[in-house]
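As you go down the protein sequences, you meet chains R and S in turn. Here the first sequence is numbered in the numbering used here, starting from 61 and rising by one per residue. Here the second sequence is numbered in the numbering used here, starting from 430 and rising by one per residue. As structure tokens, the structure follows; a few thoughts come after it.
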Amino acid sequence: MTKIGKVAIVGVAQTKYEKDKIDQTYSELVFEVVKKLHNDLGITNDDVGCVITSSNDFNDGRTIANMAIQDAVGSVRKAESRVSGDGAFAFMYGAMRILSESYDTVMVVSHCKCSEVNQYLVNNTIFDPYYQRHLGLDQISSAGLMANMYMNKYGVTEEQAAKVVVKNRKNALNNPYAHLREEITIKDVLNSKMMAYPLKELDFPPFSDGAVAMLLAKEDVAKKMTETPVWFKGYGNCTDAYYLGNRNMTDLIGLELAAKEAYRMAGINKPNKNLDVCEVSENFSVHELMIYEALGLCDKGEGGKFIESGETEMNGSIPVNPSGGVLSSNPTMANGLIRVAEIALQLQGKADKRQISNAKTGLAYGMNGICSQGNCVLIFGGE
Amino acid sequence: MTKHDVAVVGIGQTKFRSKRRDVNIPEMIYEAVKMALDDAQLEPKEIDAIIIGNMDHFEGINFSELLCGIEAAPGYLKPVVKVATGGTTGSSLAICGYHNVASGIYDNVLVVGWEKLNEGGATTGIITAFDPVWERPSLAGALGPLALMAGMYSAKYGITAEQAAKVTVKNRSNAANNPFAHLQMPNITIDYVMSSQMIAYPLRLHDCCPQSEGACALIYANEQETKKITDNPAWFHAVETAHYYTFGTDDKMFDLPTATIASKKAYKKAGIKNPIKDLDVAEIYEPTSWSELSWTEGLGFCKPGEGGKLLDEGITQMSGELPVNPSGGVLSTNPIGATALVRVAEAAIQIMGRGEKRQVPDVEKALAMGFGGSLWTEIMILGKNPLR
């Protein structure tokens with residue numbers, strides 16, 4: 061790969077994430093964040109070069125789901141394209157449009173209204189229609205399989221997993237956008253309803269409605285638009301096998317390779333030293349432990365001990381998910397772009413009560429599919 | 430300067446048919462992928478990234494890129510991204526691939542569009558694209574709005590059903606020269622088109638595109654890699670997109686304004702002043718016979734209202750000054766997620782001089798067009814040499 065140019069995030073906007081935003085259609089949700097972004101940056105639609113959106117037709121119950129938000133994103137007579145899937149991938153497509161010198165600014169938008177569809181059915185349709193779908197596989201049952209194999213192999217306990225939930229929910233208290241904002245205990249997690257052994261109800265995230273938008277700009281434009289541009293530094297994308305049976309279920313190989321690629325591009329050789337903050341898409345408690353290992357924050361099999369060490373807490377050496385993560389807010393398709401937005405706020409020093417002091421380098425992780433099949437790792441640096 | 434020039438260096442497409450019962454989805458896609466890899470003489474491991482797409486609801490598979498990117502294309506432990514935008518899916522994939530390489534992020538990419546419509550239903554899928562409260566009961570699906578457009582267009586400019594039928598005859602006759610084309614009707618006549626079943630006034634059966642199964646795969650590379658792969662690539666000169674309002678009632682249902690907006694920008698980038706003279710061939714996305722006449726106006730090949738005249742004068746025929754759809758176009762072949770990518774593939778084939786019986790002589794510059802969504806247009810201009 062050759063040397064690449066500079067792209068910055070100049071501003072981000074989020075809705076509050078809630079269980080059921082019944083008073084807003086999803087184009088109204090999108091309009092809310094787009095308008096907020098315009099107002100925050102003092103720009104108009106004419107300042108936006110083009111738009112990249114991320115959504116999923118199954119979640120929206122609409123074919124060409126981006127068709128319904130043309131007016132909301134202001135892409136009338138303008139270019140818009142849609143990455144079908146997680147918002148982190150859409151961020152990267154937006155960045156590429158600046159790096160290819162095609163546009164000076166790109167707005168990236170992602171939305172999801174989990175309240176409008178049955179998420180178990182939506183996730184069941186990811187699986188092979190002939191051999192696997194009727195087995196009832198979805199995000200819950202596959203997570204159970206993965207967690208069980210991982211915990212069994214490395215001797216990770218249910219208490220250690222519950223600690224992830226307790227940490228993230230506690231962090232969410234500091235995030236005004238978060239959906240679930242109440243402190244819970246390890247006991248609450250362990251005593252919650254069994255969903256897919258060994259994972260209980262509180263090991264899983266809620267289903268949320270919400271949207272997120274951000275504006276990207278090339279170097280000189282970014283410097284004019286904000287005093288705190290957040291620079292794109294590294295990107296890695298790697299896809300694991302499709303069939304769960306073909307995967308190594310105890311290690312997130314795809315994520316590991318994506319992270320290596322992103323670290324290489326960003327010049328990071330000791331992630332737990334070089335990174336100041338991480339925002340990751342943890343789709344269940346144990347998942348976050350596996351993500352620590354794949355990102356190289358700790359050694360393989362050490363995820364359980366690493367959460368116990370407290371290093372990933374707000375005051376630890378490498379805080380993970382100061383926002384409260386997916387376990388606190390889960391508008392599925394938007395999760396990756398929310399991670400990017402939260403890292404941008406951290407590096408701008410605008411994260412208010414959830415701010416990590418002196419955050420200079422941050423990592424955002426978004427994923428597609430089930431149990432980290434499609435992985436997108438992004439590294440950012442502040443001024 | 431970090432920007433890279435991008436070229437098409439490998440092309441694969443399946444033979445398009447109404448039903449491919451002999452293969453499953455990944456097997457069908459693999460036919461096109463294998464052909465593209467062989468064409469570029471690349472091993473699967475040499476591919477940097479995969480951009481793949483179709484429309485989720487047509488086959489009922491969520492995150493289809495995870496199945497197809499791994500089982501049909503060499504995506505295991507590689508970057509795989511899905512782009513899907515309805516009818517423009519193929520051109521959106523093509524444009525996404527362009528930015529992946531032009532940005533310097535990847536040296537090469539494999540771009541794949543596909544559809545296997547008999548596994549689900551296209552019309553069932555398309556209807557859900559429209560607003561469930563305001564639009565779905567009155568104006569939804571593909572043919573309803575297209576019939577309305579054709580009716581308004583013919584009323585405004587006096588275009589006749591005979592002129593529209595002539596488009597079908599031209600394109601299906603061209604398709605007889607294209608071994609990949611779905612509908613092979615070499616002896617089709619204007620009378621045959623005009624006496625076919627009325628579908629939605631003024632559209633008759635043979636004014637409409639078919640529904641096809643198949644896949645198309647392209648490999649792009651930057652300037653350094655292209656040199657290693659082939660001495661006969663097709664270079665991207667411009668890629669442009671124009672979108673429009675969400676609701677049909679807000680849209681101008683004739684003249685396709687997005688075609689004018691996107692093509693004007695693309696012509697400027699590619700240094701095209703007079704498209705009829707400066708372009709040598711165009712592969713456009715005409716879902717109906719009437720649309721081709723209207724789209725040729727929107728693309729600036731003639732003045733508004735003169736699409737019929739342009740055809741009557743023979744300018745868009747194989748032997749004309751600017752042949753339109755030598756491949757047979759969408760009226761002959763329509764595997765939705767691949768349709769607009771086939772336009773890019775055919776434009777590249779013409780530039781490389783590999784069109785065999787459908788080859789237009791001495792092609793230096795070619796236009797490919799995607800159409801879809803709520804009257805969106807995407808334009809790609811390719812040339813024999815890099816623009817810079």
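Don't be surprised by glycine CBs; every beta carbon is placed ideally from N, CA and C. Predicted model, so just to flag it, every value in this text is computed and none were measured.
Along the region 488 to 556 of chain S, the alpha helix (DSSP H) occurs as fully enclosed runs of 4 or more residues at 493 to 500, 518 to 531, 551 to 556, listed in sequence order. For S761 of chain S, the enclosing alpha helix (DSSP H) starts and ends at 758 to 761. Within 9 Å of the CB of Y674 of chain S, the CB atoms of chain R belong to Q130, D131, V136, in sequence order along the chain.
Around the beta carbon of S141 of chain R, 16 or more other beta carbons sit within 10 angstroms, so the residue counts as buried.
One alpha carbon belongs to R241 of chain R, the other to T670 of chain S, and they sit about 42 Å apart. Judged by DSSP in its simplified three-state form, F559 of chain S adopts coil rather than helix or strand. Distance from the Cα of N184 of chain R is smallest, within the candidate group S:G489, S:G573, S:S803, S:L546, for S:G489. Sixteen is the threshold: when 16 or more other Cβ atoms of the shown chains lie within 10 Å of the Cβ of M274 of chain R, as they do, the residue is buried. Residue environment for Y649 of chain S: buried (at least 16 other C-beta atoms within 10 angstroms of its C-beta). For A513 of chain S, the residues of chain R that pass the 8 Å Cβ criterion are D117, I124, R142, S144, in the order they occur in the chain. For T104 of chain R, no CB of chain S lies under 7 Å from its own CB, so it is not counted at the interface with that chain. 7 Å or more divides the Cβ of A222 of chain R from the Cβ of V346 of chain R. Scanning chain S for C-beta atoms nearer than 8 Å to the C-beta of R157 of chain R yields H528, S532, reported in chain order. Under the three-state reduction of DSSP, M427 of chain R is assigned to strand.
Here N332 of chain R carries a helix assignment [DSSP, helix/strand/coil]. DSSP, read as helix, strand or coil, puts L276 of chain R in strand. Note on geometry: alpha-carbon atoms of G749 of chain S and L722 of chain S lie some 15 Å from one another. Between the region 565 to 580 of chain S and the region 621 to 631 of chain S, the count of C-beta pairs closer than 8 Å reaches three or more; the two stretches touch. Nearest CB-CB separation between N483 of chain S and chain R: not below the 7 Å threshold. Using a C-beta cut-off of 8 Å, the region 400 to 412 of chain R makes no contact with the region 365 to 375 of chain R, since fewer than three inter-stretch Cβ pairs fall below that distance. Residue environment: Q470 of chain S is assigned as exposed (fewer than 16 neighbouring CB atoms within 10 Å of its CB, all protein chains considered). Sequence-distant partners of L315 of chain R (beyond 5 residues in either direction) whose C-beta falls short of 6 Å from its own C-beta, in its chain, are A354, S432, N435.
In this chain, the beta strand (DSSP E) harbouring Q74 of chain R covers 67 to 74.
According to the DSSP assignment, L811 of chain S belongs to the beta strand (DSSP E) that extends over 805 to 812. Assignment of I458 of chain S by DSSP, reduced to helix, strand and coil, places it in the helix class.
Chain R has no Cβ within less than 7 Å of the Cβ of I780 of chain S. Counting other Cβ atoms within 10 Å of its Cβ, N178 of chain R stays below 16 and is therefore classed as exposed. Contact of A436 of chain S with chain R is not assigned, every C-beta pair being separated by 7 Å or more. Using beta-carbon distances, N178 of chain R does not count as an interface residue toward chain S, since no partner is under 7 Å. Taking all protein chains shown into account, M254 of chain R has fewer than 16 neighbouring C-beta atoms within 10 Å of its C-beta and is therefore exposed. In its chain, beyond the 5 residues on either side, G439, I440, G441, L539, A646, L647, I648 have a beta carbon closer than 8 Å to the beta carbon of A465 of chain S.
If you look at S114 of chain R, you'll find it in the beta strand (DSSP E) that goes 110 to 115. Contact between S341 of chain R and V386 of chain R holds, since their C-beta atoms are separated by about 5 Å, short of 8 Å. Between S447 of chain S and A769 of chain S, the C-beta spacing is not below 7 Å. Residue pairing by DSSP places E669 of chain S opposite S:I808 in a beta bridge.
Of all residues in the region 465 to 489 of chain S, only D477, A478, I479, G482, M484, D485, H486, F487, E488, G489 place a beta-carbon less than 9 Å from a beta-carbon of chain R.
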